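Colleague: Numbering (the numbering used here), first residue to last: 1 to 692. Every residue, glycine too, gets a C-beta built ideally from N, C-alpha and C. Computed from a predicted structure; not experimentally measured. Dropping a structure here in structure tokens format, bear with me for questions.
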């Protein structure tokens with residue numbers, strides 16, 4: 001049977017009774033959370049508090065691995081580490097939970113562990129929930145402390161991501177004192193020098209996996225360093241509304257942006273440096289630019305840097321540099337150059353950019369420029385625009401490349417908004433036009449030249465030439481007025497076009513607002529319809545539930561009848577089996593007794609035979625002792641009589657008989673001395689045999 005529990009269903013695991021929890025946001029639905037490896041159900045103890053709830057993780061078939069038993073036993077050693085509460089695990093095995101697994105085969109090698117209350121970091125990012133500075137710092141320090149404790153033991157989570165970082169700090173359930181603010185879940189891929197490499201390795205989660213290792217899988221002591229740096233930076237950055245509003249979606253970064261000089265990276269790095277500390281910004285930069293995971297900062301480095309931070313926000317004010325000693329004459333002398341700079345700055349601001357303040361980095365700019373051009377050729381204009389804007393941060397101010405990038409950005413923006421009226425640029429476009437600037441400069445030059453000419457004529461010529469000079473001055477003044485009038489008309493025309501553009505934009509915004517209101521009304525009606533349909537479905541489910549209860553009662557009564565009959569028949573069969581077993585046991589006892597009697601008689605017979613053989617051997621030894629003494633005396637008498645040959649033969653017969661049972665004969669009287677004397681005599685027949 002498939003394990004698909006309903007809220008309130010009871011289940012007994014390892015002798016403890018639980019009920020399946022109800023999802024807080026979906027009444028009538030079991031509290032379950034789906035992950036990449038399985039589904040986790042909430043189990044509430046029948047005799048216990050809500051904060052003592054358990055999590056039952058039912059794995060998908062691919063991840064039901066028998067080695068999970070050894071892994072969980074080993075992970076139990078780390079349950080005391082703050083943030084690794086889920087290391088306290090029990091695995092459901094056929095030996096211990098056979099009946100339950102037989103009823104629900106899906107529970108084979110399922111894991112029961114503590115339920116972690118609270119939301120995930122994924123929920124905070126998805127909801128675009130702004131955090132206070134103290135909350136950001138507390139969460140970041142808690143995660144760094146967990147990572148540091150794990151690194152000191154050679155451990156790594158190996159799938160550190162927003163969905164796997166729980167935040168009990170935001171739990172609505174009252175937790176015991178001393179509960180960790182951050183907890184890690186989904187620890188089945190955990191690395192330890194004492195555990196075997198998993199059969200299936202995960203390649204990290206999008207938005208947190210370093211692109212240089214994402215294809216090779218993560219399982220090493222350094223696996224958490226890059227993802228941990230990204231999450232800590234996110235936690236700190238989430239106290240800055242500008243960072244929250246710039247998030248990609250389910251994570252701050254898009255996976256395609258990982259370890260690239262993208263705009264989101266520079267915004268986050270700048271925010272960390274300004275709102276927290278330059279050390280924090282440098283640590284994040286080290287992780288982002290690292291070539292491998294071992295080059296990333298350790299969690300210990302993060303913890304040290306975070307511990308030195310204050311919960312009070314530090315405001316960094318930029319004070320513009322002022323040179324009060326510069327003479328006014330120089331200021332007026334360079335007024336034309338300043339106006340040109342202001343016009344250029346106005347043009348750049350019109351593109352929605354800020355003047356660059358970084359030093360030139362040719363490698364970065366070149367790489368970004370070519371990457372943007374490739375995207376533009378491929379038709380990805382929005383991606384190319386994003387990279388051009390990122391490259392703009394690296395360009396030296398007033399350089400030719402700055403103007404080129406600004407023009408490229410303007411061109412892409414115009415392509416992405418082809419319906420925008422070019423007249424919306426208004427007075428700014430007119431003031432920034434090259435033709436207008438040249439005309440104005442020419443008029444100023446003419447006026448200045450005419451004044452000098454009139455002064456010279458008045459000084460050098462007589463009064464008769466004064467009328468000609470006045471006429472010339474009047475003509476030049478009329479030309480200047482004509483130019484001024486043309487400029488005024490151009491400005492009025494530009495202002496009129498700008499007003500028309502504003503009016504068109506207001507009408508467009510009003511139309512969009514009306515459309516959004518209409519869509520909101522339709523959405524509201526759809527929601528009401530869906531809620532009504534949900535009520536109907538819930539009532540139908542309840543009616544079906546009542547019907548199933550009635551049917552279940554009938555089946556249960558009939559089943560009890562069948563069970564009682566089966567129990568009686570089983571009882572009769574059991575009694576018959578007992579009789580047969582008793583008869584068999586009696587026959588076995590009789591056979592065993594007969595066998596024991598036969599073995600006893602055989603032992604007695606063997607013992608008697610052994611005693612007879614020993615007596616015979618003893619009798620033979622006694623006779624041999626007499627013979628040995630006789631042979632020794634024969635050798636002695638033959639030597640005394642002068643017959644050495646006869647003495648030698650007797651000595652050799654003695655030695656031969658003695659060697660047949662040497663171990664026994666050397667214990668009899670002086671038999672060993674007799675042997676030594678005869679052996680000496682055989683070696684040297686001049687040796688005199690003593691009388692013994």
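Does the Cβ-Cβ distance between residue 190 and residue 155 come in under 8 Å?
Modeller: For this step, residue 190 is matched to residue 190 along the chain shown. For this step, residue 155 is matched to residue 155 along the chain shown. Cβ distance < 8 Å, so residue 190 and residue 155 count as in contact.
Colleague: Determine which residues share a DSSP beta bridge with residue 90 and list them.
Modeller: Mapped onto the chain shown, residue 90 falls at position 90. For residue 90, which the question treats as bridged, DSSP gives the partners 112.
Colleague: How far does the alpha helix (DSSP H) with residue 134 in it reach, from first residue to last?
Modeller: For the purposes of this step, residue 134 is taken as the residue at position 134 of the chain shown. Note, residue 134: alpha helix (DSSP H), 133-152.
Colleague: If contacts are defined as beta-carbon pairs under 8 Å, then residue 639 and residue 630 qualify, I think. What distance do you get, rounded to the angstrom?
Modeller: Working through the chain shown from its first residue, we reach residue 639 at position 639. Working through the chain shown from its first residue, we reach residue 630 at position 630. Contact doesn't hold; Cβ gap of about 15 Å is too wide.
Colleague: Bridge partners of residue 690, per DSSP?
Modeller: Along the chain shown, read from residue 1 onward, the residue named residue 690 stands at position 690. The partner list for residue 690 (beta bridge, DSSP) is empty, contrary to what the question assumes.
Colleague: If you drop the 5 nearest sequence neighbours on each side, which residues of the same chain put their C-beta closer than 7 Å to that of residue 44?
Modeller: Looking up residue 44 in the chain shown gives position 44. Cβ neighbours of residue 44 beyond the five flanking positions: 18, 19, 21, 50 and 53.
Colleague: Where DSSP assigns a beta bridge to residue 54, which residues make up the other side?
Modeller: Stepping through the chain shown from its first residue, residue 54 is reached at position 54. Answer is 43 and 114.
Colleague: How close, in whole Å, do the beta carbons of residue 231 and residue 150 come, if the pair is a contact with beta carbons under 8 Å?
Modeller: By one-based count along the chain shown, residue 231 stands at place 231. By one-based count along the chain shown, residue 150 stands at place 150. Rounded, the Cβ-Cβ distance is 14 Å, inconsistent with contact.
Colleague: Can you tell me where the beta strand (DSSP E) holding residue 34 begins and where it ends?
Modeller: Working through the chain shown from its first residue, we reach residue 34 at position 34. That run of the beta strand (DSSP E) goes 32-34.
Colleague: Considering residue 10, what are the terminal residues of the beta strand (DSSP E) in which it resides?
Modeller: The residue given as residue 10 occupies position 10 in the chain shown. Residues 10-13.
Colleague: What's the gap between the Cα of residue 168 and the Cα of residue 291?
Modeller: Taking the chain shown and counting its residues from 1, the one referred to as residue 168 is at position 168. Taking the chain shown and counting its residues from 1, the one referred to as residue 291 is at position 291. Residue 168 and residue 291: Cα-Cα distance of roughly 34 Å.
Colleague: Confirm, please, whether the CB-CB distance from residue 23 to residue 194 is below 8 Å.
Modeller: Reading the chain shown from its first residue, position 194 is the one you call residue 194. Reading the chain shown from its first residue, position 23 is the one you call residue 23. It is not a contact, given that the beta carbons lie outside the stated cut-off.
Colleague: For the alpha helix (DSSP H) holding residue 126, just list the boundary residues, first then last.
Modeller: The residue you call residue 126 lines up with position 126 of the chain shown. Start and end: 121-126.
Colleague: Would you please state the rounded distance, in angstroms, between the beta carbons of residue 59 and residue 110? I believe it to be under 8 Å.
Modeller: Counting from one through the chain shown, the residue named residue 59 turns up at place 59. Counting from one through the chain shown, the residue named residue 110 turns up at place 110. Residue 59 to residue 110, Cβ: 7 Å. Contact.
Colleague: Of the residues 141, 620 and 120, which one's Cα is nearest the Cα of residue 311?
Modeller: Reading the chain shown from its first residue, position 311 is the one you call residue 311. Answer by Cα proximity: 141.
Colleague: Specify the secondary structure class of residue 69 as computed by DSSP and reduced to three states.
Modeller: The residue labelled residue 69 in the question sits at position 69 within the chain shown. Residue state, collapsed to three classes: helix.
Colleague: When burial is assigned at 16 or more other CB atoms within 10 Å of the CB, is residue 225 buried or exposed?
Modeller: As a working mapping, residue 225 is identified with position 225 in the chain shown. So residue 225 ends up on the buried side.
Colleague: Cα separation between residue 435 and residue 264?
Modeller: Counted from its first residue, the chain shown places residue 435 at position 435. Counted from its first residue, the chain shown places residue 264 at position 264. Because residue 435 sits at a pLDDT of 40, beneath the cut-off of 50, its placement in the model cannot be relied upon, and the following sentence gives the value as read from the coordinates. Taking the straight line joining both Cα atoms gives about 39 Å.
Colleague: Look at the alpha carbon of residue 361 and the alpha carbon of residue 388, and state the distance between them as a whole number of angstroms.
Modeller: Numbered from its first residue, the chain shown carries residue 361 at position 361. Numbered from its first residue, the chain shown carries residue 388 at position 388. Here residue 361 scores only 49 on pLDDT, less than 50, and its place in the model should not be relied on; the value that follows carries that caveat. Residue 361 and residue 388: Cα-Cα distance of roughly 14 Å.
Colleague: Could you give the C-beta distance for residue 146 and residue 184, rounded to a whole number, given that I count them as a contact under 8 Å?
Modeller: Your numbering for residue 146 matches position 146 in the chain shown. Your numbering for residue 184 matches position 184 in the chain shown. Between residue 184 and residue 146 the Cβ distance is about 6 Å, and since that is below 8 Å, they are a contact.
Colleague: Which value, in whole angstroms, describes the spacing of the CA atoms of residue 405 and residue 506?
Modeller: Position 405 of the chain shown, counted from the first residue, corresponds to residue 405. Position 506 of the chain shown, counted from the first residue, corresponds to residue 506. Distance between the alpha carbons of residue 405 and residue 506: 31 Å.
Colleague: Once the 5 residues before and after residue 415 are set aside, which same chain residues still bring their CB inside 7 Å of it?
Modeller: Start at 1 with the first residue of the chain shown, and residue 415 comes out as number 415. The residues are 381.
Colleague: For residue 573, count neighbouring Cβ atoms within 10 angstroms of its own Cβ and tell me buried if that reaches 16, exposed if not.
Modeller: Here residue 573 refers to the residue found at position 573 when the chain shown is read from its first residue. The residue is exposed, with fewer than 16 neighbouring Cβ atoms inside 10 Å.
Colleague: Tell me the DSSP bridge mates of residue 166?
Modeller: Numbered from its first residue, the chain shown carries residue 166 at position 166. DSSP output for residue 166 lists 120 and 183 as bridge partner(s).
Colleague: Determine the direct distance from the alpha carbon of residue 578 to that of residue 586, and round the result to whole angstroms.
Modeller: The residue you call residue 586 lines up with position 586 of the chain shown. The residue you call residue 578 lines up with position 578 of the chain shown. Answer to the nearest angstrom: the Cα atoms are 12 Å apart.
Colleague: Between the stretch 131-140 and the stretch 248-266, can you find at least three pairs of beta-carbon atoms closer than 8 Å?
Modeller: Touching, no, given that fewer than three Cβ pairs across the two stretches are closer than 8 Å.
Colleague: Out of curiosity, what's the CA-to-CA distance linking residue 448 and residue 493?
Modeller: To locate residue 448, count along the chain shown from 1; it is residue 448. To locate residue 493, count along the chain shown from 1; it is residue 493. With a pLDDT of 38 at residue 448, under the threshold of 50, the modelled position of that residue is not reliable, and the figure given next carries that caveat. About 29 Å.
Colleague: DSSP three-state call for residue 156: helix, strand or coil?
Modeller: Taking the chain shown and counting its residues from 1, the one referred to as residue 156 is at position 156. Correct three-state label for residue 156: strand.
Colleague: Exposed or buried, residue 97, counting other C-beta atoms within 10 Å across all chains shown (16 or more means buried)?
Modeller: As a working note, residue 97 is residue 97 in the chain shown. When all chains shown are included, residue 97 counts as buried.
Colleague: For residue 16, does the three-state DSSP call read helix, strand or coil?
Modeller: By 1-based counting over the chain shown, the position of residue 16 is 16. Reduced to three states, the DSSP call for residue 16 is strand.
Colleague: Go ahead and pull the three-state DSSP assignment for residue 425.
Modeller: Here residue 425 refers to the residue found at position 425 of the chain shown. Any reading at residue 425 must be qualified, since the residue scores a pLDDT of 42, below 50, and its modelled position is unreliable; the value itself is stated next. The answer is helix: DSSP assigns residue 425 an H, G or I state.
Colleague: Touching or not, the stretch 264-282 and the stretch 232-246, by the rule of three or more beta carbon pairs under 8 Å?
Modeller: Contact between the stretch 264-282 and the stretch 232-246 is present, because at least three Cβ pairs lie under 8 Å.
Colleague: Consult DSSP for residue 38 and reduce its assignment to one of helix, strand or coil.
Modeller: What you label residue 38 is simply residue 38 of the chain shown in a count that begins at 1. It is a strand residue.
Colleague: Out of 250, 2, 641 and 612, which one is the CA nearest neighbour of residue 107?
Modeller: Counting from 1 along the chain shown, the entry for residue 107 is found at position 107. For the residues 250, 2, 641 and 612, the minimum Cα distance to residue 107 belongs to 2.
Colleague: Are three or more beta carbon pairs between the stretch 618-636 and the stretch 661-671 nearer than 8 Å?
Modeller: The answer is yes - the stretch 661-671 touches the stretch 618-636, with three or more Cβ pairs under 8 Å.
Colleague: Given this structure, state the Cα-to-Cα distance separating residue 172 from residue 307, to the nearest angstrom.
Modeller: Against the chain shown, residue 172 aligns to sequence position 172. Against the chain shown, residue 307 aligns to sequence position 307. Straight-line Cα distance between these residues: approximately 27 Å.
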